[in-house]
Amino acid sequence: MCKINIYGKAEIGKGIAGIEFGNRIEEFLPLVKTIVDGNKTPWTTDIFRDNESVLMYIVPNNNGNIIYFSEPELELGFNEQGNLDVIIAGKGYKGEVFEGGVKIGSRIGDINHPLILDDTEDVHYLVDKDGEVIHGIYFVADGLEVDDDPDQKIQEVRVYNYSID
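The following block contains the structure:
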């Protein structure tokens, strides 16, 4: 069984909270208290909001699974092969989401790296010196450009590695 470290640092392309990409869903199943089959019950935001422990949502049509933890707020996304490839951390996660002590609740302006706002999804991506998105991590704040409001608070971080089979 995999152990969660709410103080574990986010690492682009590797994982967060002491959990590494590529881990198998079977490692987390002993933690699951409730299962919702998406083939029978469509996903709604209430599924996440009403969760009080550890819930697994089976994504319809064999498209993977999502395990939701209520405290701290963590979402683990598993691909159709059962391998972990996405982790979203939110309220209650205490680890560093970016170097320099940046954590959930920190100012988006505290990230000492160029960011670009994807205003279609209201998320901030890291960008390289050429302005190209650095894949593997993004941040959710209030959906404004950093220059317009550097004080907006980081609400969640998503780390991902979609190359995991």
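Letter 21 of the sequence shown, counting from 1, is numbered 1 in my numbering, and no numbers are missing. Note that the Cβ used here is the ideal one computed from N, Cα and C, for glycine as well. Keep in mind it's a predicted model, so treat the numbers as computed, not measured.
If you follow the alpha helix (DSSP H) that D26 is in, where does it begin and where does it stop?
Here residue 26 corresponds to residue number 46 of the sequence shown, with the count starting at 1. Here the alpha helix (DSSP H) through D26 covers 25 to 29.
G70: beta carbon under 8 Å from a heavy atom of the ligand SAH?
This structure lacks the ligand SAH, and indeed carries no ligand of any kind.
Need the endpoints of the beta strand (DSSP E) that I96 sits in, please.
By one-based count along the sequence shown, residue 96 stands at place 116. Per DSSP, I96 belongs to the beta strand (DSSP E) from 95 to 98.
Would you kindly check if the distance between the Cβ of K74 and the Cβ of Y(-13) is under 9 Å?
Numbered from 1 along the sequence shown, position 7 holds the residue referred to as residue -13. Numbered from 1 along the sequence shown, position 94 holds the residue referred to as residue 74. Yes, Cβ-Cβ distance for Y(-13) and K74 is below 9 Å.
Between which two residues does the beta strand (DSSP E) harbouring E125 extend?
Along the sequence shown, read from residue 1 onward, the residue named residue 125 stands at position 145. Element bounds for E125: n/a, residue is neither H nor E.
Quick one: what's got a C-beta closer than 6 Å to V12's C-beta in the same chain, skipping five residues either side?
As a working mapping, residue 12 is identified with position 32 in the sequence shown. Contacts found: V34, M36.
Relative to the alpha-carbon of V139, which residue among L64, R29, N(-15), Y48 has its alpha-carbon at the smallest distance?
Locating residue 139 in the sequence shown gives position 159, counting from the first residue. The shortest C-alpha separation from V139 is found at L64.
Per DSSP, what kind of secondary structure is E7 in: helix, strand or coil?
Your numbering for residue 7 matches position 27 in the sequence shown. Note: E7 maps to helix in three-state DSSP.
Whole angstroms is fine: what's the gap from D127's alpha carbon to I84's?
Indexing the sequence shown from 1 puts residue 127 at position 147. Indexing the sequence shown from 1 puts residue 84 at position 104. Cα to Cα, D127 sits roughly 19 Å from I84.
Look up D17 in the DSSP assignment and give the residues it is bridged to.
As a working note, residue 17 is residue 37 in the sequence shown. D17 pairs with I38.
Nearest-angstrom Cα distance between I47 and I(-16)?
Along the sequence shown, read from residue 1 onward, the residue named residue 47 stands at position 67. Along the sequence shown, read from residue 1 onward, the residue named residue -16 stands at position 4. Each residue's Cα considered, the two are about 13 Å apart.
Out of curiosity, what's the CA-to-CA distance linking E125 and L95?
As a first step, residue 125 is located in the sequence shown; it is residue number 145 there, counting from the start. As a first step, residue 95 is located in the sequence shown; it is residue number 115 there, counting from the start. So the two alpha carbons sit approximately 9 Å from each other.
Indicate whether I38 and I15 have their beta-carbon atoms separated by less than 9 Å.
Counted from its first residue, the sequence shown places residue 38 at position 58. Counted from its first residue, the sequence shown places residue 15 at position 35. Yes, the pair counts as a contact, with Cβ atoms nearer than the cut-off.
As a quick exercise: from Q132, I117, G116, H115, pick the residue whose alpha carbon is nearest that of G123.
In the sequence shown, residue 123 corresponds to position 143, counting from 1. Looking at the Cα atoms, Q132 is the closest of the given residues.
If you compare alpha carbons, which of E(-9), N59, N31, E76 is closest to S50?
Within the sequence shown, residue 50 is the residue found at index 70, counting from 1. Taking only the C-alpha atoms, the option nearest S50 is N31.
Three-way DSSP call (helix, strand, coil) for D131 in this model
For this step, residue 131 is matched to residue 151 along the sequence shown. Here D131 sits in coil by DSSP.
Mapping the DSSP letters down to three states, classify G116 as helix, strand or coil.
Within the sequence shown, the letter at position 136 stands for residue 116. Reduced to three states, the DSSP call for G116 is strand.
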